[in-house]
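From first to last, the protein sequence lines are chains A and B. Per this note's numbering, the very first residue in the first sequence carries number 21; after that it's consecutive. Per this note's numbering, the very first residue in the second sequence carries number 4; after that it's consecutive.
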Amino acid sequence: MLSCADFLAELGDYIDDAASSDLRAHLEEHLRECKTCQVIVDSTRKTIEIVTESGCFTLPSEGVDPIVNAVMSRIRERTT
Amino acid sequence: MNESATIFNEPPRPYPQLIAAYGFLPNLFRAQSAMPEAIEAEQYLIHTVAVREGTLSRSQKHAVLNAVATVRGSEYCRTLFGHSIANMPGRDVALIDFCLKLAKHGPWVSEGDVQTLKHSGFDERMILEAIVTTSVGLLLCTLADGLRPQLDAELKLQGPADLLDVPDPIDWPKTLGPHLGLLTHSTADSPAYAVLRTQFGYVPSLYRLQSAVPELLNAEVRLLEAVQFPEDGLNRVQKECVLLAISAANLNTYCSTLHSQVLDILGLPPEESDRIMEDHQQSGISATDRTLLDETRKLASLPGRSSQLFETDRLRTQGFTERQIIEAVVVSGLANFLNTLQAGVGATADFPPRKVFGPKDLYLFSDRFRPISDTTFPEDPDSALVARVREGNIDVFEELVRRHSRRIFGTLAGLVGNIEDARDATQEVFLKAFENIGRFQGRSKFSTWLTSIAINTGTDFLRRRKPSESIEETQDDEGFRPRQVQKWADDPERLLAASQMNELVRDAVLRLPEKYRVAVLLRDINQLSTEEAAAVLELSVPALKARVLRGRLMLRESLAPHFVRQEKTDA
């Protein structure tokens with residue numbers, strides 16, 4: 021059976037659903053027996069979800085127009 | 004082209020060293036019989052480099068040549084060199100690994116690769132011989148690609164090619180050369196130096212670095228005298244333009260600088276050289292010469308293999324003679340030879356370069372780019388708008404800015420961590436995209452290309468702020484182990500107000516070392532695929548995956564104290 025270190029080395033592909041079916045079967049076999057890796061998988065998935073959905077670096081919609089206007093006016097200045 | 008460019012079937016001279024080397028005169032050389040002086044120089048080079056016993060044995064050199072032909076996919080040269088690399092002694096595996104990297108990913112060769120070879124017991128003289136042998140291999144493979152000789156009846160067909168594992172390069176070398184420190188002998192009065200001084204006005208460092216081995220230097224200078232300097236067919240400006248365009252396609256800063264310099268002396272303005280390096284179609288040279296560069300660039304050794312598309316008929320249509328077409332192929336071979344030699348010895352530019360190439364040039368500004376996976380990019384939703392902007396419809400660019408500004412801002416805010424800088428950088432990204440849209444070839448999605456520009460721009464902002472910090476100066480991707488192993492709450496998002504959550508995530512992301520932060524931003528905030536993110540960061544897919552995982556695990560460590568399940572522990 022895989023060790024925890026082996027499991028962690030493949031964690032990225034497992035979470036991204038990019039592991040081959042054979043590898044996935046080995047990883048899940050380890051996971052069934054290992055509470056620590058279960059916690060790591062669960063909390064890493066939650067981390068990704070939180071980061072993806074946080075919108076912490078999102079430009080508010082009212083911020084779009086000033087950028088568009090500034091860019092286009094500089095382009096028009098340069099091309100005329 | 005479906006047939007050889009040969010016009011003379013019988014060479015006028017016997018070429019004894021070639022016959023000694025192969026037992027007969029191979030078609031590869033017969034195909035150049037319009038250029039006997041080039042065949043003479045090639046036979047001398049082959050005799051000096053590959054036939055004579057040096058500090059490397061003849062058998063080792065033939066194994067190198069066979070490996071180069073195999074990795075270049077040249078069936079003709081693999082058969083001609085005829086020496087399998089199977090069952091090699093262990094030490095020679097390191098030699099072959101080095102030569103394969105040099106042949107396939109020359110610009111990525113670093114001093115570290117040379118050190119690895121030294122640790123395997125190869126001294127600098129042996130390493131120089133390996134570099135020159137690899138360069139000869141690429142010269143001959145380029146000739147075979149362009150001239151397409153028939154397989155000689157005397158040659159025995161080889162079995163299946165050895166399977167060669169040449170890993171994708173990961174990191175662009177951080178240090179300049181030279182990679183070799185051979186003691187330079189005083190060759191002030193050598194005939195080779197005299198030729199170089201006459202032609203260049205000085206002795207370029209590429210040759211000075213080899214002065215401890217004068218026989219190699221002499222053979223190389225003979226090749227230059229036969230191929231680069233004469234003006235019997237193509238003129239010198241045309242040849243230097245081919246050498247420059249191929250050097251740029253091979254991302255070779257040193258050789259591009261050298262050929263730009265020569266062109267400057269020959270009267271071509273430096274701005275024209277810049278345009279040839281970036282996109283020769285935009286240069287002011289004649290349409291005929293642009294076609295010459297179109298075709299010869301296909302023979303460049305980097306990055307993909309498009310030599311199958313080399314069309315001599317296109318050159319004939321433009322009025323090039325058979326002799327000039329053969330010469331164009333031989334000059335292309337010389338360009339790959341010199342580029343490989345330079346990448347191996349790590350010669351540093353004798354003049355400040357007009358353009359310093361990096362891996363981004365492979366991805367952004369080449370009409371062919373590093374293959375990152377077998378999958379093709381899905382249809383690009385921006386392609387119609389991009390095409391209209393390229394036709395000159397400036398107003399349409401506004402829609403592209405509107406579509407992508409929030410995403411690009413998000414990437415930059417996550418990178419530079421400051422709203423005002425992110426706004427300025429976002430504008431800069433779109434201005435750069437507009438200025439360079441003519442170079443965008445549609446081989447990736449427009450959004451991916453834009454993200455590449457954003458990462459470069461954001462990184463520049465950071466460097467201006469903290470010049471000492473480097474994106475690569477953090478720990479390696481191995482060895483990180485999670486420490487927090489307590490179970491998390493089922494719905495961690497509900498434990499904090501949205502604004503608190505945003506602040507928490509923002510701080511955690513900004514605390515990540517830059518290289519992990521960028522990887523997480525692209526994958527988890529920008530939602531790029533693994534392949535797209537790898538392309539943007541000029542990383543191999545495995546390297547990108549390692550960084551994303553490390554970044555995610557570090558974020559998890561930062562967030563864990565806020566989200567672990569609050570359970571009563573047993574007394």
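Even glycine gets a Cβ: it sits at the ideal position worked out from N, Cα and C.
Does any residue of chain A have a CB that is nearer than 8 Å to the CB of B:Val359? With 8 Å as the cut-off, B:Val359 does not count as an interface residue toward chain A.
So which of B:Ala436, B:Ser123, B:Gln118 has the shortest CA-CA distance to A:Met92? B:Ala436
Per-residue contacts from B:Phe125 into chain A (C-beta, under 7 Å): Simply none; closest approach about 33 Å.
Contact between the segment 69 to 83 of chain B and the segment 52 to 61 of chain B: three or more CB pairs below 8 Å? no
So for B:Trp175, helix, strand or coil by DSSP? B:Trp175: coil per DSSP, three-state reduction.
Alpha helix (DSSP H) containing B:Tyr79: first to last residue? 78 to 84
Given that B:Thr429 touches chain A, what residues does it touch there, using C-beta distances under 7 Å? The answer, in chain order, is Ile87.
So B:Leu525 and B:Thr462 are in contact, right, with Cβ under 8 Å, and what is the actual spacing, rounded? That belief does not hold up - the Cβ atoms of B:Leu525 and B:Thr462 are roughly 13 Å apart, past 8 Å.
Chain A residues whose Cβ lies nearer than 7 Å to that of B:Gly417: Phe77
Mind checking A:Asp37: buried by the 16 CB within 10 Å criterion, or exposed? exposed
Judging by CA-CA distance, which residue of B:Ala522, B:Glu401, B:Glu541 is the nearest neighbour of A:Asp85? B:Glu401
What does A:Arg94 reach in chain B if we use C-beta pairs closer than 8 Å? For A:Arg94, the C-beta contacts it makes with chain B under 8 Å involve Gln430, Leu434, in order along the chain.
Pull out every residue of the segment 55 to 74 of chain A whose Cβ sits closer than 7 Å to any Cβ of chain B, in chain order. Within the segment 55 to 74 of chain A, the qualifying residues are Thr56, Val59, Ile60, Asp62, Ser63, Thr64, Lys66, Thr67, Ile68, Ile70, Val71, Thr72, Ser74.
With 8 Å set as the bound, which would you pick, yes or no: does the beta-carbon of A:Leu31 sit closer than that to a beta-carbon of chain B? Using beta-carbon distances, A:Leu31 counts as an interface residue toward chain B, with a partner under 8 Å.
Within 8 Å, strictly: CB atoms of B:Ala248 and B:Arg300: yes
Taking only three categories from DSSP, how would you classify B:Val419? helix
Does any residue of chain A bring its CB to less than 8 Å from the CB of B:Trp491? yes
Give the DSSP-derived three-state secondary structure of B:Val567 in the structure shown. strand
Does any residue of chain A bring its CB to less than 8 Å from the CB of B:Lys548? Yes, B:Lys548 lies at the interface with chain A (some Cβ there is under 8 Å from its Cβ).
B:Ser123 to B:Met129 span [Cα, whole Å]: 12 Å
Positions along the segment 431 to 465 of chain B whose CB lies within less than 7 Å of some CB in chain A: Phe433, Leu434, Phe437
Taking the alpha carbon of B:Ala522 as the reference point, which residue from A:Ile68, A:Cys57, A:Leu47, A:Lys55 has its own alpha carbon closest? A:Ile68
In the DSSP assignment, find the alpha helix (DSSP H) that holds B:Gln489 and state where it starts and stops. It is not in any alpha helix (DSSP H) - B:Gln489 carries neither H nor E in the DSSP assignment.
For A:Ala39, return the contacting residues in chain B, with the cut-off set at a CB-CB distance below 9 Å. Result: empty, since nearest Cβ-Cβ is about 11 Å, beyond 9 Å.
The alpha helix (DSSP H) that contains B:Glu506, what's its start and end? 501 to 514 is the span of the alpha helix (DSSP H), which, as asked, contains B:Glu506.
Can you give me, in chain order, the residues of the segment 392 to 424 of chain B that have a beta carbon less than 7 Å from any beta carbon in chain A? Ile397, Phe400, Glu401, Val404, Arg405, Ser408, Arg409, Phe412, Gly413, Ala416, Gly417
Verify the CB distance criterion: does B:Asn255 have a CB-CB separation below 8 Å to chain A? no
Among B:Thr429, B:Ile422, B:Ala425, which has the Cα closest to the Cα of B:Arg406? B:Thr429
If we call anything under 8 Å between Cβ atoms a contact, is B:Thr70 one with B:Ile42? In the sequence under discussion, the amino acid at residue 70 of chain B is Ala, which differs from the Thr named in the question. Taking 8 Å as the Cβ cut-off, B:Ala70 and B:Ile42 do not qualify as a contacting pair.
Chain-order list of residues whose beta-carbon lies under 8 Å from that of B:Gln285 (same chain, five-residue window excluded): Arg278, Gly441
Can you tell me whether B:Pro207 is buried or exposed, with buried defined as 16 or more other CB within 10 angstroms of its CB? Here B:Pro207 is buried. Its C-beta has 16 or more other C-beta atoms within 10 Å.
For B:Arg486 and B:Leu562, what's the separation of their Cα atoms in angstroms? Between the alpha carbons of B:Arg486 and B:Leu562 lies a gap of roughly 12 Å.
Rounded to whole angstroms, what's the CA-CA distance from B:Thr451 to B:Pro39? Just pull it up for me. 49 Å
Roughly how many angstroms separate the alpha carbons of A:Glu82 and B:Ala352, rounded to a whole number? 49 Å
With H, G and I counted as helix, E and B as strand and the rest as coil, what does DSSP make of B:Glu43? helix
Distance between B:Glu394 and B:Gln503 (C-alpha atoms, nearest Å): Spanning the two alpha carbons is a distance of roughly 47 Å.
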